[in-house]
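Taken in order, these protein sequences are the chains called A and B.
Heads up: the first sequence is residues 4 to 269, going by my numbering.
Heads up: the second sequence is residues 3 to 285, going by my numbering.
For every residue, glycine included, the Cβ atom is placed at its ideal position computed from N, Cα and C.
For clarity, every value in this text was computed on a predicted model and none was experimentally measured.
One structure is given below, encoded as structure tokens.
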Amino acid sequence: MSAQVRRRLRTEAVVLPALGVAVAVAAVELAPRLGILPRQSFPPFSEIFGALAGLLGDSELWGAVRDTLSSWALSMVFAILIAVPLGMAMGSSRVGALLMRLTIDFLRPIPSVALIPILVLIYGTQPSIKVALATLGATFPLLFQAMYGVADVDPVAKDTARAFGLGGWSRARRITFPSVVPYLTTGLRISASVALILVVTGEYVVGVAGLGREVLIAQSGGAYDRMYAFIVATGVLGLGVNLALLAAERRVLFWHASQRGQGADE
Amino acid sequence: MLMLDVSHLSKTYGSGSGAFTAIGDISLSVVAGELVCIVGPSGCGKTTMLRCLAGLLPPTSGAVSLDAQPVTRPPRQMAVVFQDYSRSLLPWLDVVGNVTLPLKAAGVRKPRRLALAGDALAAVGLAEHAHKYPWQLSGGMQQRAAIARALAYQPEILLMDEPFASVDAQTRAELEDLLLDVWTRFDITILLVTHDIDEAVYLADRVVLLSGAPAIVTESLTVDLPRPRDQIATKEMPEFAHLRAHVFAAVKAAGDQARRDAASEASAPDAAAGVAVGPDAAA
């Protein structure tokens, strides 16, 4: 690839997403002003942005962000602790897979939100309910990634390790686990989005502290610009989490085919 | 001194009507310091045989012994070089990490590990690339790294499964000469499986011929070409041409025989599968 082509691709990678955002912002600004969307329940972008800017100096926003993020982090820790060992066990043992597969395939398509009534019975309206909800939802993507990852360890790499006398524990640590990491990072990103959605859902539906409840309060008080500002803040948080995980993935998986091309010329 | 002894080895996958016999009956022996090449047509069970010899796959019957000890799992005195270097080297470890991993697992201390890896990498000409990752190297260099890993493990015998089948012709000739060089330098025994007749005759003290599915040994041929060998001078010798022609004819005959057997078996479905045909093992 010539330097010229590379430069053009790099410019495109910055300009095109910016253009996409600009079009979206313009649409949100113009739709209420032109009467395409009802003005009183859908303020134009400038007003939402103004409300958000006002919230930035407000401890309410940061308190809500802290509540949401800490619940999210806690549910991710739980999901990892459940899904990774269980998924790896299912992927590496036929008996394990046969024992658990049917149960998990039954549980998986049940929408996590449908579990809220059950969780309310168990936890009441405690903040722990959103952690439980998000943990349940985040476990499945990670579980399946771990399972497929273990089943997909290269047989030549396994043969090599055995031929060179690596024992079972050594092979698990030095061959299987690194081979599963690319699957886990993908699972982690999917789970992270699911967990964030479910934490906010839990806050909104059950009314426990966090961004979701702020949306609910603003909505019931008719403060629509404020409501949208909190919704935008939730979106920004999701984007931030995803970008942070992508950056971490690039560092951890520098050796993987999916990352090698990127940044190699820098 | 007898090193590796293979006696009436056979391997059948599955059972009943779905059974597939990959190896019929293989007997062969390798003495210490020898370089033996095993040649056979593609799909004749060479890789299955090698995995049995390496202790990676239990045979259905027969026995493998190394230094008079039965091989039931990968022996410490044996190292293996696989055909598919890009999958055999671990991409998350750099070259020296790959070379030292078996030593680390064997509990060799760090200074000793690095010294062994340094010697092995120097021997294969990769000393300057020790801290590169396998995917930053060409195919030939990756296979050199895999050879270095095997040498650093300090084996008595090196098993190689079509080690040069995935590189271009020029690199292949370089790697063949590199192998002959480390074979004498490290004083090891080598058993190399290949489907390339020229390669087998060029490298070997002895060429063992296998016939196709299920594999049996049809001939064991001593190659008394002078050493050191040379890609040009050795290959110009009339003896080289003669040996090459002989092996070629034998491999072709074995292939034709296998095709006739397959045809007659197809026309007579009740015929017992896996019965050894042709001359019995040369051993």
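Check	Outcome
Have a look at E217(A), G210(A), L214(A), A195(A) and flag the residue whose alpha-carbon is nearest the alpha-carbon of A247(A).	A195(A)
Taking T224(B) as the reference, give the member of P61(B), V184(B), G18(B), C39(B) with the closest Cα.	C39(B)
DSSP has A65(B) in a bridge; who is on the other side?	S9(B)
Excluding sequence positions up to five away, which residues of its chain have a Cβ less than 7 Å from the Cβ of G140(A)?	S115, V197, A198, L201
Quick one: which chain B residues come within Cβ less than 7 Å of S95(A)?	The premise fails here: S95(A) is roughly 18 Å from chain B at the closest Cβ pair, so nothing lies under 7 Å.
To the nearest angstrom, how far is it from the Cα of L84(A) to the Cα of V18(A)?	40 Å
What is the rounded straight-line gap between the Cα of K237(B) and the Cα of A251(B)?	18 Å
Using a Cβ cut-off of 8 Å, which residues of the segment 235–259 of chain A contact any Cβ in chain B, in chain order?	W258, H259
Comparing C-alpha positions only, which one of A260(A), V235(A), R177(A), I132(A) sits nearest to E50(A)?	V235(A)
Taking just the CA atoms, how far does V156(A) sit from M93(A)?	14 Å
Leaving out five residues before and five after V28(A) in sequence, what residues of the same chain have Cβ atoms less than 8 Å from its Cβ?	F48
Given a cut-off of 7 Å on the beta-carbon distance, is the pair C54(B) and P43(B) in contact?	no
Since W94(B) meets chain A, which of its residues come closer than 7 Å, beta carbon to beta carbon?	P181, W258
Closer than 8 Å, Cβ to Cβ, to anything on chain A: give me those residues from the segment 117–144 of chain B, in chain order.	Y135, W137
Taking the straight line between their C-alpha atoms, what separation do you get for L187(A) and R253(A)?	13 Å
On the DSSP letters alone, give me the boundaries of the alpha helix (DSSP H) that D70(A) sits inside.	62–95
What separation, rounded to the nearest whole angstrom, lies between the Cα atoms of G142(B) and A265(B)?	40 Å
Whole-angstrom Cβ separation of M51(B) and L11(B), contact assumed at under 8 Å?	7 Å
Buried or exposed: where does M91(A) fall if 16 or more other Cβ atoms within 10 Å of its Cβ makes it buried?	buried
Looking only at its chain, what residues have a beta carbon closer than 6 Å to the beta carbon of R216(A), apart from the 5 residues adjacent to it on each side?	E206, G210
Any beta carbon from chain B within less than 7 Å of G171(A)'s own beta carbon?	no
Please classify A267(A): does DSSP put it in a helix, a strand, or coil?	With a pLDDT of 42 at A267(A), under the threshold of 50, the modelled position of this residue cannot be trusted; read the value that follows with caution. Three-state result, A267(A): coil.
Please list the partners that G152(A) has in chain B, where partner means a Cβ-to-Cβ separation under 7 Å.	In chain order: nothing, as chain B lies at least about 14 Å away.
Using the Cβ count rule (16 or more neighbours within 10 Å means buried), how would you classify K254(B)?	exposed
Rounded to whole angstroms, how far is the Cβ of L105(A) from the Cβ of L146(A), which I believe are closer than 8 Å?	The pair is not a contact, with the Cβ atoms about 14 Å apart (cut-off 8 Å).
How is P93(B) classed by DSSP in three states: helix, strand or coil?	coil
Where in the segment 23–71 of chain B do unbroken runs of the beta strand (DSSP E), each at least 3 residues long, occur, reported from the N-terminal end onward?	37–41, 63–68
Can you pull the chain B residues whose beta carbon is under 9 Å from the beta carbon of A160(A), in chain order?	R89, S90, L91, L92
So, using beta-carbon positions, are R246(B) and V203(B) closer together than 7 Å?	yes
Quick one: Cα of L58(A) to Cα of S261(A), how far?	39 Å
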